[in-house]
Structure formats: C-alpha cells, structure tokens
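**Q** This is the structure, below, for whatever I ask next.
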Amino acid sequence: MTIKPKKGRIVIDSKLCKGCYLCMSVCPSELIVISAELNEKGYYPAEFTETNAGEDRKCTGCAMCAVICPDIAIEVYRG
Amino acid sequence: MEKVVFKRPKYIKKAPFHYCPGCGHSIIHRLIAEVIEELDIGEKTICVPPAGCAVLAYDYLDIDMGEAPHGRGAAVATGLKRILPDKMVFSYQGDGDIAAIGTAETIHAANRGENITVIFVNNSCYGMTGGQMAPTTLLGQNSTTTPGGRDKDRDGSPINLSEMLAITKGAVYIERTAVNSIKNIRKTKKAITKAFKVQMAGLGFSLVEILSPCPTNWKMSPVDACKWTDDSVMQTFPLKIVKDETS
Amino acid sequence: MRGSQVIGEAAIRAGCRFYAGYPITPQNALPEFMSSAMANLEDGTFIQAESEIASINMVLGASMAGARAMTSSSSPGISLKQEGISFLAASELPAVIVNSMRGGPGLGNIAPSQGDYFQATRGGGHGDYRTIVLAPASGQEMADLTKKAFEYADRYRTPVMILVDGMMSQMMEPVIFPDPVNLTELPPKPWVLDGANGRPSRIIKSLILGTVEMEEHNWKLARKYETISREIADAETYMTEDARFVVVAYGTAARVAKGGIKRAREMGLKVGLLRPVTLWPFPERVIREMSRSVKDFLVFEMNTGQMLDDVKLSLEGRSNVHFYGRPGGIVSTPDEIAKVVSSLYYRQHLEED
Numbered sequence: 000m001t002i003k004p005k006k007g008r009i010v011i012d013s014k015l016c017k018g019c020y021l022c023m024s025v026c027p028s029e030l031i032v033i034s035a036e037l038n039e040k041g042y043y044p045a046e047f048t049e050t051n052a053g054e055d056r057k058c059t060g061c062a063m064c065a066v067i068c069p070d071i072a073i074e075v076y077r078g
Numbered sequence: 000m001e002k003v004v005f006k007r008p009k010y011i012k013k014a015p016f017h018y019c020p021g022c023g024h025s026i027i028h029r030l031i032a033e034v035i036e037e038l039d040i041g042e043k044t045i046c047v048p049p050a051g052c053a054v055l056a057y058d059y060l061d062i063d064m065g066e067a068p069h070g071r072g073a074a075v076a077t078g079l080k081r082i083l084p085d086k087m088v089f090s091y092q093g094d095g096d097i098a099a100i101g102t103a104e105t106i107h108a109a110n111r112g113e114n115i116t117v118i119f120v121n122n123s124c125y126g127m128t129g130g131q132m133a134p135t136t137l138l139g140q141n142s143t144t145t146p147g148g149r150d151k152d153r154d155g156s157p158i159n160l161s162e163m164l165a166i167t168k169g170a171v172y173i174e175r176t177a178v179n180s181i182k183n184i185r186k187t188k189k190a191i192t193k194a195f196k197v198q199m200a201g202l203g204f205s206l207v208e209i210l211s212p213c214p215t216n217w218k219m220s221p222v223d224a225c226k227w228t229d230d231s232v233m234q235t236f237p238l239k240i241v242k243d244e245t246s
Numbered sequence: 000m001r002g003s004q005v006i007g008e009a010a011i012r013a014g015c016r017f018y019a020g021y022p023i024t025p026q027n028a029l030p031e032f033m034s035s036a037m038a039n040l041e042d043g044t045f046i047q048a049e050s051e052i053a054s055i056n057m058v059l060g061a062s063m064a065g066a067r068a069m070t071s072s073s074s075p076g077i078s079l080k081q082e083g084i085s086f087l088a089a090s091e092l093p094a095v096i097v098n099s100m101r102g103g104p105g106l107g108n109i110a111p112s113q114g115d116y117f118q119a120t121r122g123g124g125h126g127d128y129r130t131i132v133l134a135p136a137s138g139q140e141m142a143d144l145t146k147k148a149f150e151y152a153d154r155y156r157t158p159v160m161i162l163v164d165g166m167m168s169q170m171m172e173p174v175i176f177p178d179p180v181n182l183t184e185l186p187p188k189p190w191v192l193d194g195a196n197g198r199p200s201r202i203i204k205s206l207i208l209g210t211v212e213m214e215e216h217n218w219k220l221a222r223k224y225e226t227i228s229r230e231i232a233d234a235e236t237y238m239t240e241d242a243r244f245v246v247v248a249y250g251t252a253a254r255v256a257k258g259g260i261k262r263a264r265e266m267g268l269k270v271g272l273l274r275p276v277t278l279w280p281f282p283e284r285v286i287r288e289m290s291r292s293v294k295d296f297l298v299f300e301m302n303t304g305q306m307l308d309d310v311k312l313s314l315e316g317r318s319n320v321h322f323y324g325r326p327g328g329i330v331s332t333p334d335e336i337a338k339v340v341s342s343l344y345y346r347q348h349l350e351e352d
C-alpha cells in the first residue's frame, strides 16, 4: 500500500503580517514569497505561493511558518 | 477531511500585536498562552507585566494582569502569591527591568524561594525607550548610550543574571532558551511548561531566560537578528539548563 | 504597649493579613510585632523585605489579591516608597502605610519630628493624586485611627497614611482596642485579581497612554478626593468656644500645645487648640468658621513650617497666622509653648476687650 504524503495549506492574514519574513526563512519547500503589494500598515506582507494550487501542491502543513510567525498571522491546515 | 493544525491560541486576545516586525515578545506571549491552555491553568493564572515593550501584554494575554512599577515584578508577584498560594503567579520582565532596576527584588524573591515563575525576556537592550545599553548588552554592541560600542572599562561587562540566581538556595529551576529558530522555540515552550509545573508542585522559584531578537534596536532585519542571536548573543549567554533541582 | 505595637495590634484586629517592611529606627517595634502576630495567624503573612521599595511593592501585589495590606517605615524609607504609593493611588488599590517621622532631611536623626508633612499631604510621589493622612495624638487614637485607616483604604480604594512621629511610636499609654473584625463580613472586592475563573480576565494597571482616557481618569480620581474631603475631614477642638487665639497643631506637637494652653488659661488668656486629625483632607472648613471669631492663629509644628501653608490656604487671609517651629528632633515643653503663646497674645493686644 502506498503512503500518500500529507498535504497541507496555509492562510496568511496579510493585514496582520509585518513583513518580517521569518516564515520565508523556515519553510522547507520555499513556498512563501514577498508580496508585491503593500498592506494597510505599509508592509510588503508574506504571500503563500500555493493558495490556488491543487493536489500536486508541495505544502505538507508542517506549520514551521506559523510557529515562528510572531504575529500569529498564519493558520495551517492539513489533510 | 481538513483539520486545523495551527491557529490563534485561546488565551491570546484578538488585538494585533503592537510589537515590531520579528520581535520575540509576540512569540513568547503565544507560547505562554499555549502552555497555560495545555496545562489548563488559564483561569487561575495571574501575570505581572513589566515596564518595557511588553507593558501592553495585558492587551494580548487573556488572563488576570497586575501592573508593577519598573523592576518590581518579583516583589509584586511575591505579594500576590503569598495571598493566593493556590493560584499561578508569574512575572514577565525584560532585561533592564529584571537585571538593572529590579536586581534586588529578583535576587531576593529567588533567595526566599518564592513559589513564582519569572519569564525573563533578554533582548540585550532597552527596547521601548529606544535602544539604550542594558545590563545584558554585549561588549562591543552598539547602543544609543554606548558610543563606539559597549566598552568593558567604561560600561562594565554584561551580566549573567541567571547564573547569579542559581547560587540562591531558593531557586529551583532556571533555564536559558531562545526564540530565534523553530528548534529553540520548541525548547522555550518546554522550558516554560516545566517552570509552570515547578510552581504547580510548590517546589520554589523558577525562571526561564529567553533570548529574544530585537531587530529594530539591533538595526538588523528579523532574519539577521535571529542569526546574530546564534552567532553573538549566545557566546555571552549560552543556552543551557542553568539550574535544575527538581529531580 | 508602645505606640508602634498599638498600631500593629489594631491593624491585626482590623483584618490586616499582609505586612511587609524593613528595619528603620524609630519604628522597628512595628515590624517586630507584626512578625510574631502574623506567625500566630493561620492566614497571616509577614515578610521582612530586602528594601523599602520591595516592601511597598509586595503590599501592591497583596492588595491586588484582595488582602488588607500594610507597610511601615520612617522618613527616608517613606521617600523610597513614593513610587509605590503613586502606583497604589493610580491603580485605585487600598493599602495602609505608617510613617514614624524622624529628624531630616537626608539621614537626619532618629528623634521625633514633623518634617514629612509636605511629603505626606502633597503627594511625595509623582502625579495628580492625594493620600489620606491620619494623625493620631495618643495611644488610643493610634488604635482607633488604624482601624479607620483600613476602612477608608478599602472604601475609597486608595492608600492611607498613618502619620506619627518617633515619640508617638515609643510612648506607652493605656488603650482599649476595638473588637477584631470578621474577615468574612467585610465588603466584597469585585475588582481583585484571583484568576479569571468563570469570569472575564481583569487588568489592574496605571498606564493610560491615550490622553483623553488619562484625563478622564485624573478627573475621576479628583472627584473621588473631593468626596473623601467632604466625608472624612476631621479635627478636635479644645477650649476654642471663647478663644481669641488658637494654636493649630497635630500629633505630639498638639499634646505639648495642650499643656501650654492649660498653663495659658491659668494665666487668664483665652486660648484654645485646634488639632487636625486628618491632615489630608485638611479640615479647612473648621478653621474658616473659627476665623469669624478668632483673628490670631499660631501654627506650632516640629519642623520649619509645613502645615503652616495649609492653615494660610484655609484662612484665605481672614486672620493673622503666626508660626512657631522646632525641627531637628527637639520636643518642646508645655512651658515653652505657654511662653510663646502668651508673648504673642500680648503682642497682638488680645487681652484688651
């Protein structure tokens, strides 16, 4: 029986994000980039590249981004 | 079937943190909230916030909060705990608060073995007031009151308060951790959990010193600040269990 | 019992269950008394703190937890406690602070004085606040006012100072103590920090960054102080009904002045004593009313002139105000005061009809 690798996804609240990019520095699959658009507070928030990705996405929901995010701006889902 | 793996803990209020991008305070607040939820002590915990960036901790942690004057957290916590021995009492203090103006209160609370927990957030500067030298500022580190960097002859060397407290007979558990990496964040959470368990068991004084990045006053990006913690801060303040008499 | 011990016993009976203090002469008998009194209680806490500052902050914490808490010291130690007192007032927390005044300023000496009147009534600490200040003048009054101190502190949620001097702390007089209060019958405190069990979490703080909210808070405190002034201002009068000359004095000075006034009355002088019992709120109304018939007041203090200001402010120029002071720890004799009173009396031609 093949073990299906866990799929995950994250939601970054761009209003809370302060552009510290610690999440970017820890994501093992490099799935977070700097957004090109400023948020209300004047930061370029972090942006998840796989928001609209399908079953072939790489995010495993390891949650390291959320663990290091100082602003609790990231929610993580798995399954 | 999707399940939520990570979300805002119950004991963190909805308000967005006022802390700087990459500040360790927000991470530490969250860890404390997670720990008190896991230990199911949120409804019997009282926190004594400091003067410093975390003076507004009461806007974030959804537990009873009693503000102390600058440096006096350990004394206020002592008064609270002596009257309410069945409740959990912890002070949350920065390095200036605890190791400059509050040195006496901290050492004596430890010496008396007050059954409180102290969360000591060490960012090697006075953050809220704009980056002046703190007792834990490193030699050579720049600050607004040490032109040219901290100089041993002019300014004295940084102080290792945790090691000093270990000498007191009343201090039972002291550990130094950091929040500059996933691994260290997880260790910090374990240390906070252990410290609270020490208090729950009535064993005596517990303290967790947490090296916390201060990108704004160190004048670095958050990612660089985390690296600098590894490369420089830990040379003076090594991560370790400073004292553990619980076993 | 010595004065300090009277205050201690009265405090225990008033429900004080937390005391933190530091040794300083001339009030050491109080922490010593409290150490054994608290040890004999199941729910009592005594801490000899590492400093004056630590002890006021321990009282702050104990008060947040709902206890009737007390600290004590003498002049230089009270200076150290000022930040804590300001925080108590700002956070609206009850507490009792006992000051046994000694010679000052600086290290001064250990003899009795009244040099801390300004410190006690003008704040001493920073910001717009007032501390209730009670000034007993006898052993019995030390017992009675200590009980009142805890009641006022709880009722108004504010710090209360019991202001005595080194002589009061040491003197021994017979005292009848009020009955001990039943702690369970005290009014509840719905604001204490005791863990948010089944209720929203509470914050006790004094930081108010927003200027609009801070102004509101300052006016709220000011209204509270106005209420306190209306409700508890108190003074004792002695032979003032037909007096043409009134000595204004408190505490030990008032005891001495009373002796002087008795002697002056024997000489036929129509002299009386007005003894403020609350130094804050100052009994302005009593003095102002008295000024309708009394045109000469002599303020006698064991300092270089502090309550003098409050007497002048109260009178608003209606009568003459004279001053006689002995600072530095000197305790005058009744004869001395009688001489001062009589020479002023004749100088003001008060013997004429």
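Residue numbers (numbering that gives the first Met the number 0), protein chains in the order written: chain D, 0 to 78; chain H, 0 to 246; chain F, 0 to 352.
Note that the Cβ used here is the ideal one computed from N, Cα and C, for glycine as well.
Starting from His-28/H, find everything on chain F with Cβ-Cβ shorter than 7 Å and list it in chain order.
**A** By Cβ distance, chain F contributes nothing, its closest Cβ being about 14 Å from His-28/H, past 7 Å.
**Q** At 7 Å on the CB atoms, spell out the chain F contacts of Lys-43/H, in chain order.
**A** Chain F residues near Lys-43/H: Gly-194, Asn-196.
**Q** Residue range of the beta strand (DSSP E) that Met-0/H falls in?
**A** Run containing Met-0/H: none; DSSP gives neither H nor E here.
**Q** Around the Cβ of Asp-85/H, are there at least 16 other Cβ atoms within 10 angstroms (buried) or fewer (exposed)?
**A** Flag for Asp-85/H reads exposed.
**Q** Which of helix, strand or coil does DSSP assign to Arg-198/F?
**A** Coil at Arg-198/F, not helix or strand.
**Q** Just curious, the beta strand (DSSP E) that Pro-15/H is in, first and last residue?
**A** Where Pro-15/H is concerned, there is no enclosing beta strand (DSSP E), given that its DSSP letter is neither H nor E.
**Q** Are Arg-71/H and Ile-52/F close, meaning C-beta to C-beta below 8 Å?
**A** Taking 8 Å as the Cβ cut-off, Arg-71/H and Ile-52/F qualify as a contacting pair.
**Q** Does the beta-carbon distance from Ile-96/F to Ile-109/F come in below 8 Å?
**A** The answer is no: Cβ separation not under 8 Å.
**Q** Compare the C-beta of Cys-213/H against all C-beta atoms of chain D and say whether one is closer than 8 Å.
**A** Taking Cβ atoms only, chain D never reaches closer than 8 Å to Cys-213/H, which makes this a no.
**Q** Closest by CA to Ser-220/H, which one among Tyr-20/D, Lys-14/D, Lys-6/D?
**A** Measuring from the Cα of Ser-220/H, the nearest candidate turns out to be Tyr-20/D.
**Q** Leaving out five residues before and five after Met-87/H in sequence, what residues of the same chain have Cβ atoms less than 8 Å from its Cβ?
**A** Contacts found: Ile-35, Ile-40, Lys-43, Thr-44, Ile-45, Thr-116, Phe-195, Gln-198, Met-199.
**Q** Using the three-state DSSP reduction, which class does Gln-305/F fall into: helix, strand or coil?
**A** DSSP places Gln-305/F in coil when its eight states are reduced to three.
**Q** Using three-state DSSP, classify Phe-244/F as helix, strand or coil.
**A** Here Phe-244/F sits in strand by DSSP.
**Q** Roughly how many whole angstroms lie between the Cα atoms of Glu-244/H and Ala-165/H?
**A** Approximately 10 Å, taken between the alpha carbons.
**Q** Does the Cβ-Cβ distance between Lys-5/D and Thr-50/D come in under 8 Å?
**A** Cβ atoms of Lys-5/D and Thr-50/D: not closer than 8 Å.
**Q** Spell out whether any CB of chain D is found under 8 Å from the CB atom of Glu-104/H.
**A** Glu-104/H does not count as touching chain D.
**Q** State the start and end residues of the unbroken beta strand (DSSP E) segment that holds Ala-19/F.
**A** Note, Ala-19/F: beta strand (DSSP E), 15 to 20.
**Q** Helix, strand or coil for Cys-22/D? Go by DSSP, reduced to three states.
**A** Of the three classes helix, strand and coil, the one that applies to Cys-22/D here is helix, per DSSP.
**Q** Would you call Pro-27/D buried or exposed, if buried means 16 or more other Cβ atoms sit within 10 Å of its Cβ?
**A** Result: exposed.
**Q** Using 10 angstroms around the beta-carbon of Ala-248/F, count the other beta-carbons present and answer buried if the total reaches 16, otherwise exposed.
**A** The residue in question, Ala-248/F, is buried, as its Cβ has 16 or more Cβ neighbours within 10 Å.
**Q** Report the neighbours of Thr-77/H on chain F: residues whose CB is nearer than 9 Å to its CB, in chain order.
**A** Near Thr-77/H (Cβ distances below 9 Å), the residues of chain F are Ala-19, Ile-46, Ala-48, Ala-53, Asn-56, Met-57, Gly-60, Ala-61.
**Q** Regarding Gly-105/F and the ligand SAM, is the C-beta to nearest heavy atom distance less than 7 Å?
**A** For the ligand SAM, the structure offers nothing, since it holds no ligand at all.
**Q** Classify Trp-218/F as buried or exposed, calling it buried when 16 or more other Cβ atoms lie within 10 Å of its own Cβ.
**A** By the neighbour-count rule (16 or more Cβ atoms within 10 Å), Trp-218/F is not buried but exposed.
**Q** Where Cys-68/D and Ile-26/H are concerned, what is the direct C-alpha to C-alpha distance, given to the nearest angstrom?
**A** Approximately 7 Å between the Cα atoms of the pair.
**Q** Taking the C-alpha atoms as reference points, what is the distance between Leu-160/H and Lys-189/H?
**A** Those two C-alpha atoms are separated by around 21 Å.
**Q** Locate the alpha helix (DSSP H) running through Val-197/H, then write down its first and last residues.
**A** From DSSP, the alpha helix (DSSP H) with Val-197/H extends over 181 to 199.
**Q** Let me see if you follow: with CB-CB separation under 8 Å, is Ser-274/H close to chain D or not?
**A** Residue 274/H lies beyond the residue range present for chain H, which begins at 0 and ends at 246; the question has no answer from this structure.
**Q** Ignore the nearest five residues each way along the sequence and tell me which others in Pro-63/H's own chain have a CB closer than 8 Å to its CB.
**A** For the record, residue 63/H in the displayed sequence is Asp; it is not Pro. Around Asp-63/H: Thr-44, Ile-45, Cys-46.
**Q** The beta strand (DSSP E) with Asn-121/H in it runs from where to where?
**A** Looking at the DSSP string, the run of the beta strand (DSSP E) that includes Asn-121/H is 116 to 121.
**Q** Along the region 57 to 71 of chain D, where does the CB come closer than 7 Å to a CB of chain H? Name the residues.
**A** Here the close residues are Gly-60, Ala-62, Met-63, Ala-65, Val-66, Ile-67, Pro-69, Asp-70, Ile-71.
**Q** Starting from the beta carbon of Leu-206/F, find every residue of chain H whose beta carbon is closer than 7 Å, and list them in chain order.
**A** Neighbours of Leu-206/F on chain H, chain order: Val-54, Glu-66.
**Q** Consult DSSP for Ser-161/H and reduce its assignment to one of helix, strand or coil.
**A** Looking at Ser-161/H - three-state DSSP - the assignment turns out to be helix.
**Q** Compute the Euclidean distance between the alpha carbons of Val-246/F and Phe-299/F, then round it to the nearest angstrom.
**A** Spanning the two alpha carbons is a distance of roughly 7 Å.
**Q** Could you tell me the alpha carbon to alpha carbon distance between Gly-2/F and Glu-172/F, rounded to whole angstroms?
**A** Cα to Cα, the separation comes out at about 8 Å.
**Q** Which chain F residues sit within Cβ distance under 8 Å of Arg-71/H?
**A** Result: Ile-52, Ala-53, Asn-56, Leu-59, Gly-83.
**Q** Quick one: does Val-222/H have its CB under 8 Å from some CB of chain D?
**A** Yes, Val-222/H lies at the interface with chain D (some Cβ there is under 8 Å from its Cβ).
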